[in-house]
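Student: The opening residue of the sequence shown carries number 199 in our numbering; numbering runs sequentially from there. Each residue gets a CB set at the ideal place from its N, CA and C atoms; glycine is no exception.
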Amino acid sequence: MIWSQIVWWGVPTLALWLAGALAGKRWTKLALALSLAGWICLGIFTTLLWRELGRPPIRTLGETRLLYAFVLAGLGIWTAWRSGYAWLLAASNLLASVFLAILMARPGMQAGPLMPALQSAWFVPHVAAYITAYAILGVGTLMALRQLLFPRGGPSADTRLLPAIDAVVRLGFAFLVLGMLTGAVWAKEAWGHYWSWDPKETWAFVTACAYLVYLHARVRHARSLAVLWLLPAAFVLLLVAWLGVSFIPAAQQSVHVYS
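1. Is it the case that the segment 237-251 contacts the segment 261-270, given that we only count it when at least three CB pairs across the two stretches are under 8 Å?
2. Do the segment 359-377 and the segment 386-395 make contact, defined as three or more Cβ pairs closer than 8 Å?
3. Quick one: what does DSSP say D396 is sitting in, helix, strand or coil?
4. Helix, strand or coil: how does DSSP classify R224 here?
5. For G252, is the classification buried or exposed, using 16 other Cβ atoms within 10 angstroms of its Cβ as the cut-off for buried?
6. Between the Cα of T226 and the Cα atoms of L435, I275 and I329, which residue gives the shortest distance?
7. Ends of the alpha helix (DSSP H) at Q345?
8. Between S233 and G218, how many whole angstroms is the CB-CB distance? I'm expecting something under 8 Å.
9. Restricting to Cα atoms, I'd like to know which of G442, W248 and V209 is closest to W401.
10. Quick check on DSSP: helix, strand or coil for R358?
11. Around the C-beta of C407, are 16 or more other C-beta atoms found within 10 angstroms, so that it is buried, or is it exposed?
12. Determine the burial state of A355: buried for a count of at least 16 other Cβ atoms within 10 Å of its Cβ, exposed for fewer.
13. Smallest Cα separation from P430: which of A382, K398, V337 and G381?
14. Looking only at its own chain, which residues have a Cβ that is under 7 Å from the Cβ of F321, when we skip the five neighbours before and after it?
15. Please work out which residues of its chain come closer than 7 Å, Cβ to Cβ, to V269, disregarding the five sequence neighbours upstream and downstream, and give them in chain order.
16. Quick one, are the C-beta atoms of A294 and A278 less than 7 Å apart?
17. Label K223 either buried or exposed according to how many other C-beta atoms from any shown protein chain fall within 10 Å of its C-beta, with 16 as the threshold for buried.
18. DSSP on R416, reduced to helix/strand/coil?
19. Keeping to the same chain, check which residues put their C-beta closer than 6 Å to that of V367; ignore five residues upstream and five downstream.
20. Apply the 10 Å Cβ neighbour rule to V348 and answer buried if 16 or more other Cβ atoms are within range, or exposed otherwise.
21. Out of R421, L426, I200 and W237, point me to the one whose CA is closest to L212's CA.
22. So, with DSSP's three-state summary, where would you put T245?
23. Roughly how many angstroms lie between the CA atoms of E387 and W285, to the nearest whole one?
24. To the nearest angstrom, how far is it from the Cα of G381 to the Cα of F433?
25. How many angstroms separate the CA atom of S281 from the CA atom of F297?
Now the structure itself:
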């Protein structure tokens, strides 16, 4: 099985991403090239895994971590290339590396066909929208932390990142809503109801509300950096909704618990 070869693909990917992060501001083009090489390496593994499984690798928690690392690293490369923010490339590489390292330690992969409820045209768009949202909002959180912890010219002087952060969060929120809508339609098709308020759905709703609060707060406090602290808090809620709900006893009967 291709998963047994994860070390042969994962270790080079980690090495390239970490090298890209270390290259940093001094050798920006080299950092981008190394990061892109790592992204391509992981992309090849993902493609081979997809082919072997006969389905997109998005069924289990481990498979979604694989997709998240791939999408997050790709977004970091693209954003750094367009903006010139070498620090963002380094930060996204490191965060993607954490998820890839966890994946290598706890794979959580599962061979075989999808269960009948997952054999829906809505399954792939639903998961893809959420993982894309998580990756985009992860980038937004990294940008917010950079603005909060390392402002240039003092906390009140450097507000250049604020429009970019807002744009990233709005895009991520749009994908978050798209994930909720496709999930609702899929639930109606598979189980006869759009929404049941099970633990996963409840935490997804809370997460969406947290980002909505941020967007509204930014409108009311356009130049306030303190509002940015809402983004790390919202990202923690996002991680609970994605990774933590499966460990809640009340969620064990949920259709959203990863097998």
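Tutor: This is what the structure gives:
1. yes
2. no
3. The answer is coil: DSSP assigns D396 none of H, G, I, E or B.
4. coil
5. exposed
6. The candidate whose alpha carbon is nearest that of T226 is I275.
7. F321 to L347
8. The beta carbons of S233 and G218 sit about 4 Å from each other, so the pair counts as a contact at 8 Å.
9. G442
10. Coil.
11. exposed
12. With a pLDDT of only 49 at A355, under the threshold of 50, the placement of this residue in the model should not be trusted; the figure read from the coordinates follows. It is exposed - the Cβ of A355 has fewer than 16 other Cβ atoms within 10 Å.
13. V337
14. W384
15. I329, T330 and A333
16. no
17. Exposed, because fewer than 16 other Cβ atoms sit within 10 Å of the Cβ of K223.
18. helix
19. G338
20. Checking the displayed sequence, the identity of residue 348 turns out to be Phe instead of Val. Exposed is the call here.
21. W237
22. Here T245 sits in helix by DSSP.
23. 44 Å
24. Cα to Cα, G381 sits roughly 20 Å from F433.
25. 24 Å
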